[in-house]
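Peer 1: One structure is given below, represented as structure tokens, and several questions about it will come after.
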Amino acid sequence: MGIGGEAGQGIATPGDIFARIIVRRGLHLSTYNAYQSIIRGGHIFLTLRICDEEIFTHGDKLDLLLCLNQDTMDRHQRLIGPGGRVLYNSDSITPGESNGADLCGIPVGELTQSRNRLIQNTVAMGAVTCLMGVDFQVLQESLELRFSRQGQQVVDQNVEVAKAGFDYAQSNFRTFAQPLPDGGKPLAVWSGNDAIAMGGAAAGVKFYAAYPMSPASGILHWMASNARNLGIMVRQVEDEIGVSNMVIGAAHTGVRSMCATSGGGFALMTEAVGAASMMEIPAVYIDVQRAGPSTGVPTKTEQGDLWQVLGASQGDYERLIAAPYNALDAFDTMPELFNLTDRLQCPGILISDLLISEGRYSVDPDSINMHPVIDRGQMISEPVSPNGYKRYENTDSGISPRAVPGLEGYVHVVATDEHDEDSTLISDEFTNPHKRRMMVEKRGRKMQGALAMIAPPELDGPADAEVTLVGWGSTQGAIEEARGQLAERGVTANQLSIKWIVPFHADHILQILSSAKKVIIVENSYSGQFARYLRSETGFAAHGHIRKYDGEPFMPHHIADGVMEQVAEKVSSYVPYQEVMV
């Protein structure tokens, strides 16, 4: 289902209400909101996909279109074919020629006698509920919950006009042949940003700082809303430089700390990331990618920050980088990333993108583990052997015991300069080339054991497939669905989805790809940043590429079409044309 209008027309309200109805019926949900960065005006198109099986993309096609203005009708009516429904306010919107879909005009003024332009949304919700074969009582309960804080009069008004829309649709329109099923067990709904924030809370985060920057601001919103109940200190700071350094300061005291921003904000944080590595302080930085460079397209998605996070700060330094596949995986990755940063005493970076972070998805509450294993590594919180404490002791593993500041007998210096084992600075006046080499190698050894702590990516699908599709981060779901479409077209495909960028399972990945017949890399970037990284780490050059960089995410058919073109040897690199949500 697609809902279109302009900013200020209240599109979020019907989207939220339908999302709640869907998940409470035990059905799965994936939404994508294509919106603009202006407060009023500008086209917005919200896609809600409903399924009785787990889904991770907003799909390929629309069966129902709800137009809240003429622009939406003009842009998207052509996407609804036979069997579909197009709902619109017949008082103000004129449809074009039908492609076989039912044109369902609603005389909103006649039904409501209201001058409130937003009331059409509630009328439309009643009509949509009828078309989907859902009892009106279900919508009424959702409306009562949504508007209860605004008083009973507002609740009654919305229920009344929704019922008018429901009754009108029942008398004048054909409902869908298959009503909305009941999936049984009720599910919950969350955004990717909610999942990241909740994952941080589950990991034991007690300090969060941020400067608002879309599409990462939702993490700040969740943290601020729940901070008091969870005992988390939340600070909205004046800029990202302040944010990144405050997180280091909090993490230095032994508090699990994190921050989030987008690519432009992360650019300001990079010196601090290197500082955390030099000081061997575990702090987590989150980059929610949007289309760049510079301000770019603030409300669109991309995978263009990979080389930025790989090259963040200067010099050789140790850090962890993970790119989760979806919202639930982002939640699960947060405790894992925090445990690894504590064990390895280095910063960690989580790369999300607008698709994951601002999308809304169904989730089974039982799959959310709010009590994960917590591993703080070699952190000294009680005096053990205070004499001759060496904060940066040269150990075989490269990991030195870390003392919480304030312990008697464990005084040490924490600075961004190079230092000796006992934290004596050796950056200029007391430079010692042998000690400098020792400390660089000590820090480097930490990463030698990191791969063993992380599960390698596994090939999904038949081992003898004609095509192996490789992706990273949020492309996993679209690739998986594309494989099903390819099977219908007679092409077998498997997939290798990669989450851990650093450390990188280079040997394991190379072994898989070396035996593949045809490898095609799928990514949301113009230059093929992951393809370049894969080649730099393994020497493997992919046989083909599917790239998208128009600000919109992949739909499954984009990938399937690209594979078919390359299997037929028409092209070696495919860029899909975006037909929907522009």
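All the letters of the sequence shown, read from the start, carry residue numbers 64 to 645 under this note's numbering.
Note that the Cβ used here is the ideal one computed from N, Cα and C, for glycine as well.
Computed from a predicted model, the values in this text were never measured in an experiment.
1) Use the C-beta contact count for residue 472: other C-beta atoms within 10 angstroms, 16 or more gives buried, fewer gives exposed.
2) Could you check what DSSP says for residue 64 in three-state terms: helix, strand or coil?
3) By the three-class DSSP mapping on this structure, what secondary structure does residue 447 have?
4) Would you kindly work out how many angstroms separate the C-alpha atoms of residue 161 and residue 109, rounded to a whole number?
5) Once DSSP output is grouped into helix, strand and coil, what is the label at residue 299?
6) Hey, out of 308, 535, 345 and 544, whose CA is closest to residue 562's CA?
7) For residue 64 and residue 93, I'd like the C-alpha separation in whole angstroms.
8) Looking at the secondary structure, which residues open and close the beta strand (DSSP E) in which residue 151 lies?
9) So who's on the other strand from residue 465, going by DSSP bridges?
10) Between 379, 630 and 280, which lies nearest to residue 328 when the distance is taken from Cα to Cα?
11) Give a yes or no on whether the C-beta atoms belonging to residue 614 and residue 330 are separated by under 7 Å.
12) Could you please give the first and the last residue of the uninterrupted beta strand (DSSP E) stretch that includes residue 352?
13) If you scan the stretch 305–333 from start to end, which runs of the beta strand (DSSP E) of 3 or more residues do you find wholly inside it?
14) Find the nearest neighbour of residue 348 within the set 410, 583 and 388, judged by alpha-carbon distance.
15) Look at the alpha carbon of residue 594 and the alpha carbon of residue 604, and state the distance between them as a whole number of angstroms.
16) Are the stretch 383–402 and the stretch 260–270 in contact at 8 Å, needing three or more beta carbon pairs?
17) Do the stretch 143–150 and the stretch 159–177 touch if we need at least three Cβ pairs shorter than 8 Å?
18) By how many angstroms is the C-alpha of residue 403 removed from the C-alpha of residue 516?
19) Could you give the distance in angstroms between the alpha-carbon of residue 134 and the alpha-carbon of residue 179?
20) With a threshold of 8 Å, are at least 3 pairs of Cβ atoms found where one atom belongs to the stretch 371–390 and the other to the stretch 290–300?
21) State the start and end residues of the unbroken beta strand (DSSP E) segment that holds residue 608.
22) So what does DSSP say about residue 94, is it helix, strand or coil?
23) According to the Cβ coordinates, are residue 89 and residue 250 closer than 7 Å?
24) Cα separation between residue 645 and residue 99?
25) Mapping the DSSP letters down to three states, classify residue 192 as helix, strand or coil.
26) Any idea if residue 643 is buried or exposed, counting beta-carbon neighbours within 10 angstroms, 16 or more meaning buried?
27) So residue 350 and residue 374 are supposed to be a Cβ contact under 8 Å. How far apart are they, rounded?
28) Measuring CB to CB, does residue 343 end up less than 7 Å from residue 324?
29) Within its chain, find whatever has a CB closer than 6 Å to the CB of residue 49; leave out the 5 residues flanking it on each side and keep chain order.
30) Just the C-alpha distance for residue 33 and residue 564, rounded to the nearest angstrom, thanks.
31) Would you kindly work out how many angstroms separate the C-alpha atoms of residue 480 and residue 490, rounded to a whole number?
32) In terms of DSSP beta bridges, what is residue 636 paired with?
33) Can we say the stretch 351–371 touches the stretch 411–425, given the rule of at least three CB pairs closer than 8 Å?
34) Rounded to whole angstroms, what's the CA-CA distance from residue 107 to residue 284? Just pull it up for me.
35) Any idea which residues DSSP pairs residue 557 with across the strands?
36) Assuming residue 476 contacts residue 482 under a Cβ cut-off of 8 Å, what Cβ separation, rounded to an integer in Å, is found between them?
Peer 2: To lay it out plainly:
1) Residue 472 is exposed by the Cβ-count criterion.
2) In this structure, residue 64 counts as coil in the three-state DSSP scheme.
3) Looking at residue 447 - three-state DSSP - the assignment turns out to be coil, as it is neither helix nor strand.
4) Per the coordinates, the alpha-carbon of residue 161 lies some 22 Å from the alpha-carbon of residue 109.
5) Three-state result, residue 299: strand.
6) Measuring from the Cα of residue 562, the nearest candidate turns out to be 535.
7) Taken atom to atom, the span from the alpha-carbon of residue 64 to that of residue 93 is near 11 Å.
8) Where residue 151 is concerned, the enclosing beta strand (DSSP E) stretches over 148–152.
9) Paired residues: 442.
10) Residue 328 has its Cα closest to that of 280, out of 379, 630 and 280.
11) No; because the gap between Cβ atoms is not below 7 Å, this pair is not in contact.
12) Segment 347–352, the beta strand (DSSP E) holding residue 352.
13) Fully enclosed beta strand (DSSP E) runs of no fewer than 3 residues occupy 320–324 of the stretch 305–333, in order along the chain.
14) Measuring from the Cα of residue 348, the nearest candidate turns out to be 410.
15) CA-to-CA, the gap between residue 594 and residue 604 works out to about 7 Å.
16) They touch, by the three-pair rule.
17) Taking 8 Å as the limit for Cβ pairs, the verdict is that the stretch 159–177 does touch the stretch 143–150.
18) Residue 403 has its alpha-carbon roughly 8 Å from the corresponding atom of residue 516.
19) Rounded to the nearest angstrom, the two C-alpha atoms are 20 Å apart.
20) Counting Cβ pairs under 8 Å, fewer than three are found: no touch.
21) DSSP places residue 608 inside the beta strand (DSSP E), whose first and last residues are 607–610.
22) Per DSSP, reduced to three states, the secondary structure at residue 94 is strand.
23) In this structure, residue 250 lies closer than 7 Å to residue 89 by Cβ.
24) With a pLDDT of only 46 at residue 645, under the threshold of 50, the placement of this residue in the model should not be trusted; the figure read from the coordinates follows. Distance from the CA of residue 645 to the CA of residue 99, rounded to the nearest whole angstrom, comes to 10 Å.
25) In the structure shown, residue 192 falls within a helical segment according to DSSP collapsed to helix, strand and coil.
26) With a pLDDT of 49 at residue 643, under the threshold of 50, the modelled position of that residue is not reliable, and the figure given next carries that caveat. Classification of residue 643: buried, given that the 10 Å Cβ count is 16 or more.
27) With 8 Å as the limit, residue 350 and residue 374 do not qualify as a contact, their Cβ atoms being about 13 Å apart.
28) No. Outside cutoff.
29) As displayed, the chain neither begins before 64 nor continues past 645, which places residue 49 out of reach and without an answer.
30) Not covered by the structure: residue 33. The range shown for the chain is 64 to 645.
31) C-alpha of residue 480 to C-alpha of residue 490: approximately 6 Å in a straight line.
32) In the DSSP assignment, residue 636 forms a beta bridge with 608.
33) Contact holds between the stretch 351–371 and the stretch 411–425, because three or more Cβ pairs, one in each stretch, are under 8 Å apart.
34) Cα-Cα distance, rounded: 22 Å.
35) The partner list for residue 557 (beta bridge, DSSP) reads 531.
36) Residue 476 to residue 482, Cβ: 7 Å. Contact.
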